[in-house]
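Trainee: Next up is a structure, given as structure tokens.
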Amino acid sequence: MKLTTFAQSLNDLNLIKDQGLQEVILGHQDFSRFGKLKTEDFFEFSKRAKELGLKVIFEWDILMTENTFAKLALEIVPLLDSFDSLRVQDPGALEWGLKNTTKPLQFIAENGNHNLPGLQGWIDHVQGRMERIALSIELPKIKIEEYCKILKVPCELLGLGRILLFYTPRQLLSPLSEDKLSFNQEISAIGESEESPHKGFPIIENRHGTFMFHIKDFCLVDFANELKSLGLGFFRIDLRFSAFDQLKEIKALTEDFNEDSFIEFKEKYPQDLMRGFYLVNKTDVLFPKLKNHRLQSREGNYLGEVLEAEKGSHLAIFVKNFKGLRKSDKLKIVHPKGEVFEALIYSLRNLSLEEVDYIEPQKTALIQFVGGVWVKSHVFYQHP
Amino acid sequence: MSHFFPEVLAPAGSLDKLKVAVLYGANAVYVGGQKFGLRTAADNFTLDELREGVNFAHDRGAQVYVVLNSFLHDKDLSELPDFVNFLNEIKVDAVIVSDLGVVKTVSSLSSIPIHISTQASTLNVEAAKLWKSMGATRVVVGRELSVKEAGKIKREANIEVEMFIHGSMCMAYSGHCVISNFTQGRDSNRGGCAHSCRFEYSLDMGLDTEEKKKAFFMSSKDLEGLRILPEFINEGIDSLKIEGRMKSHLYAGTMSKVYTEALAYYREHGNFLSDDLLYWESELKKVSHRAYTNASLVEAAGTDSIFNERENTETEWQMAGTVIEASPKSGIVIEVRNAFNQGDELEILPFKGQAITIVAREITDIMMKPVARTRPSTLIKLPYQNGVESLHLIRQKVKV
């Protein structure tokens with residue numbers, strides 16, 4: 001397992017080399033969400049990285065609408081000789097890279113992409129050009145292991161860095177700022193809401209939009225050895241929002257983990273840390289509670305719904321089943337709270353109050369009142 | 001003038017809403033089954049209801065698209081084939097998908113047309129070409145695109161393009177928000193969105209003072225693109241989508257009616273008269289909504305697209321009820337949703353044409369006893385009036 005990281009200064013490049021890393025991800029200001037390098041800076045960084053023997057990865061993770069995409073894609077062309085691999089998130093950028101360059105492609109599959117056929121599909125699509133696939137941090141280790149074993153390209157995972165929760169191209173902080181901002185200016189804020197138990201969300205607005213992060217950073221440094229054994233190819237260290245010299249400690253911890261050193265590292269690190277869903281992802285367990293259980297019970301012999309329950313007088317049932325309702329039908333009526341009542345119809349009338357033997361579908365039947373039944377109760381045939 | 005006219009695609013959170021949307025003119029509806037969609041808390045359709053909904057829509061010339069737009073995990077994906085086979089059997093017209101694994105699964109099992117969901121944030125020609133090469137027949141483009149950009153995608157990628165024209169909007173790129181996942185343990189991209197973007201936040205912006213800015217800074221205004229209809233038509237956009245499977249019958253009916261009538265008017269006259277536009281806009285305002293914006297439909301959404309207000313359910317108009325039967329014999333039988341009084345003015349929305357205004361002078365219960373004030377969840381009768389049909393919606397101005 002190799003480490004990969006971002007450089008934001010020429011000194012970062014030196015440190016990356018000193019720590020024995022073999023590559024660097026560079027963020028151009030027009031293509032990378034948090035990239036700060038202008039074109040001339042990019043050439044300089046690339047040249048320096050190559051002198052240091054580092055592989056240069058060009059990051060294009062901004063999602064671009066068509067007009068911007070068409071304009072900026074052309075601006076990559078003069079940069080092509082300055083990097084070794086193209087790293088993209090937008091499927092459009094992947095397609096552009098496939099057709100317009102010969103560069104190895106790295107796909108950031110961190111957004112969704114939680115199943116094997118999908119991941120395999122991205123790899124197959126680029127026909128041998130996929131150099132690496134960056135997996136979602138929402139995947140638990142059992143899945144990371146499976147994907148690392150099955151996928152035919154190396155997998156990458158965030159090892160340390162901010163957790164991006166929200167990304168919009170709209171500028172949400174500047175309307176609240178009292179200063180008039182220039183195009184390249186970045187605004188930051190710390191947010192909290194009484195409606196959320198969490199406090200201290202870092203928020204950044206830059207020329208590409210507004211980004212909100214989790215209050216804790218993601219950290220699997222203490223699981224680096226395990227990830228190595230699972231077959232992970234690349235462990236990404238993102239220190240763009242913290243002190244870059246911590247790379248040394250992180251490198252040491254990933255090679256020879258030591259609990260005391262890890263505690264010391266965490267104390268110095270500017271944010272609290274979390275491992276997210278690494279051990280287990282249960283983000284669907286609450287779903288049954290979000291469902292209205294009564295609404296789930298309409299399969300089978302479902303006949304219709306009680307529209308009116310007038311005590312001592314009648315139930316009005318809207319007949320939804322194509323079989324309609326007959327006077328001889330035996331009914332099972334399920335109260336919204338789940339209580340079940342049975343009824344044999346002895347009075348059946350239509351809305352003109354005529355006694356009838358049959359009510360057709362999509363019409364309303366009036367039957368005798370059944371004690372305990374409320375409006376919105378569901379009605380089923382007792383017979384098939 | 002272009003001879004191409006888009007379909008109006010309405011949301012249908014339940015079978016009743018599907019019927020309402022189709023009867024009020026929608027050319028197509030999108031619906032969800034009990035799984036695989038993004039509206040876990042919605043009624044959604046049982047298998048029987050899906051079958052009935054497809055038959056109902058097809059009988060009236062409308063199409064039904066089924067959402068399978070969750071970002072499915074492997075274990076979810078393993079449950080998908082049976083459902084896809086069922087959708088194939090009942091002849092749904094398309095599925096709406098955001099995940100490549102789902103695209104692969106659907107295309108391996110069926111020939112159901114695949115529409116790429118807005119959750120996939122298709123924003124450019126290259127992305128559309130990629131999805132087309134994966135087997136998609138349509139892309140529901142991201143709401144960050146202008147109509148002109150979407151038209152370019154259609155022409156250059158040679159694929160059908162669907163655009164949202166109305167409704168609530170994610171502030172984030174759709175599919176790129178995981179606030180609920182990490183703060184509430186609910187996967188927003190599998191139907192568990194907690195709408196954290198609608199919360200009020202206190203923002204420490206590093207000012208010298210201790211003061212924090214309070215703002216609903218992540219809450220977007222609602223999209224409304226009525227005035228831009230000619231541009232959608234000229235750009236050849238295939239489908240105009242209305243957001244809102246969780247919204248009311250009145251919403252589904254009003255939106256379907258307004259947009260189909262506006263399109264029909266344009267088809268006939270080749271332009272809009274300002275009076276008609278004002279009328280349709282006034283109709284759109286009669287359903288619950290946040291302040292409207294055209295967001296990025298013309299140019300990139302600016303700061304005036306931020307709602308920055310607390311959510312509330314106050315509306316100028318409310319749904320009084322639904323006609324469940326209407327005949328000279330039975331009279332107009334109404335399932336009451338919100339109470340109204342004898343003597344109140346009501347508007348009955350016909351499937352086509354202007355609302356019918358009536359005064360509820362004679363209200364009786366179902367057993368013909370006079371009623372002075374109706375109660376929600378009861379049935380009442382009004383004297384029969386020509387032109388009133390089952391499933392007509394009735395609204396009333398809220399008294400201040």
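Residue numbers (this note's numbering), protein chains in the order written: chain W, 1 to 384; chain L, 1 to 400.
Glycine is no exception: its CB is placed at the ideal position from the N, C-alpha and C atoms.
In angstroms with no decimal places, state the Cα-to-Cα distance between L:Glu235 and W:Lys71.
Mentor: Near 21 Å, if we compare the C-alpha coordinates of W:Lys71 and L:Glu235.
Trainee: Check whether the Cβ of L:Glu149 lies closer than 8 Å to any Cβ atom in chain W.
Mentor: yes
Trainee: Which chain L residues sit within Cβ distance under 7 Å of W:Lys311?
Mentor: Residues of chain L passing the Cβ test: none, with the nearest at roughly 12 Å.
Trainee: Show which residues of chain L have a CB atom less than 8 Å away from the CB atom of W:His335.
Mentor: Within 8 Å Cβ-Cβ: nothing; W:His335 doesn't reach chain L, min ~14 Å.
Trainee: For W:Lys141, is the classification buried or exposed, using 16 other Cβ atoms within 10 angstroms of its Cβ as the cut-off for buried?
Mentor: When all chains shown are included, W:Lys141 counts as buried.
Trainee: Entirely within the stretch 9-76 of chain W and at least 3 residues each: give me those beta strand (DSSP E) ranges in chain order.
Mentor: 23-27, 55-60
Trainee: Are the stretch 151-160 of chain L and the stretch 178-194 of chain L touching, with three or more C-beta to C-beta distances below 8 Å?
Mentor: no
Trainee: Have a look at L:Ser78 and W:Ile137 and give me their C-alpha separation to the nearest angstrom.
Mentor: 22 Å
Trainee: Any beta carbon from chain W within less than 8 Å of L:Ala301's own beta carbon?
Mentor: yes
Trainee: Check this for me: beta carbons of W:Ile57 and W:Val24, under 8 Å apart or not?
Mentor: Yes.
Trainee: Taking only the alpha-carbon atoms, compute the straight-line gap between W:Leu39 and W:Asp81 and give it to the nearest angstrom.
Mentor: The identity of residue 39 of chain W in the sequence shown is Thr, whereas the question assumes Leu. Their backbone Cα atoms lie some 13 Å apart in a straight line.
Trainee: With DSSP collapsed to three states, give me the class of L:Phe83.
Mentor: helix
Trainee: Where in the stretch 183-232 of chain L do unbroken runs of the beta strand (DSSP E), each at least 3 residues long, occur, reported from the N-terminal end onward?
Mentor: Within the stretch 183-232 of chain L, the complete beta strand (DSSP E) runs of at least 3 residues are 201-204, 213-215, 222-224.
Trainee: Return the CA-CA distance between L:Lys91 and W:Arg298, expressed in angstroms with no decimal places.
Mentor: 21 Å
Trainee: Looking at chain W, is there any beta carbon in it that lies within less than 8 Å of the beta carbon of L:Phe307?
Mentor: no
Trainee: Between the stretch 37-69 of chain L and chain W, which residues of the former have a C-beta closer than 8 Å to a C-beta of the latter?
Mentor: Listed in sequence order: Thr40, Ala41, Asp43, Asn44, Thr46, Leu47, Asp48, Glu49, Glu52.
Trainee: In three-state DSSP terms, what is W:Phe223?
Mentor: helix
Trainee: Give the DSSP bridge partners of L:Ser327, in chain order.
Mentor: L:Gly331
Trainee: Is it the case that the Cβ atoms of L:Glu224 and L:Leu273 are separated by a distance below 8 Å?
Mentor: no
Trainee: Given a cut-off of 8 Å on the beta-carbon distance, is the pair W:Leu157 and W:Val221 in contact?
Mentor: no
Trainee: May I ask you to list, following chain order, the residues of the stretch 123-136 of chain L that have a beta carbon less than 8 Å from some beta carbon of chain W?
Mentor: Leu123, Asn124, Val125, Glu126, Ala127, Ala128, Lys129, Leu130, Trp131, Ser133, Met134
Trainee: Is L:Leu250 close to the ligand MN? I mean its beta-carbon at under 7 Å from any heavy atom of the ligand.
Mentor: No copy of the ligand MN appears in this structure; indeed no ligand is present at all.
Trainee: Classify W:Asn100 as helix, strand or coil using the three-state DSSP reduction.
Mentor: helix
Trainee: Looking at the structure shown, is L:His166 part of a helix, part of a strand, or coil, going by DSSP?
Mentor: strand
Trainee: What three-state label does DSSP hand W:Ala309 in the structure shown?
Mentor: DSSP places W:Ala309 in strand when its eight states are reduced to three.
Trainee: Indicate the three-state DSSP secondary structure (helix, strand or coil) for L:Glu362 in the structure shown.
Mentor: coil
Trainee: Buried or exposed, going by whether 16 or more other CB atoms sit within 10 Å of the CB of L:Leu130?
Mentor: It is buried - the Cβ of L:Leu130 has at least 16 other Cβ atoms within 10 Å.
Trainee: List the endpoints of the continuous beta strand (DSSP E) containing W:Gly200.
Mentor: 199-206
Trainee: According to DSSP, simplified to helix, strand and coil, what is L:Thr122?
Mentor: coil
Trainee: Count the other CB atoms within 10 Å of the CB of W:Ile263; is the residue buried (16 or more) or exposed (fewer)?
Mentor: exposed
Trainee: According to DSSP, simplified to helix, strand and coil, what is W:Trp387?
Mentor: Only positions 1 to 384 of chain W appear in this structure, which leaves residue 387 of chain W out of reach.
Trainee: Excluding the 5 residues preceding and the 5 following L:His289 in the sequence, name in chain order all residues of the same chain whose CB lies nearer than 6 Å to its CB.
Mentor: So the list reads Asp222, once near-sequence residues are dropped.
Trainee: So is L:Val29 in contact with chain W if we call contact Cβ pairs under 8 Å?
Mentor: no
Trainee: Where does the unbroken alpha helix (DSSP H) through W:Phe287 begin, and where does it stop?
Mentor: Residues 287-290.
Trainee: Thinking W:Asp217 and W:Arg275 are a contact (beta carbons under 8 Å), I'd like their distance in whole angstroms, please.
Mentor: That pair is no contact at about 11 Å.
Trainee: Answer yes or no: do W:Gly20 and W:Gln29 have a C-beta to C-beta separation smaller than 8 Å?
Mentor: no
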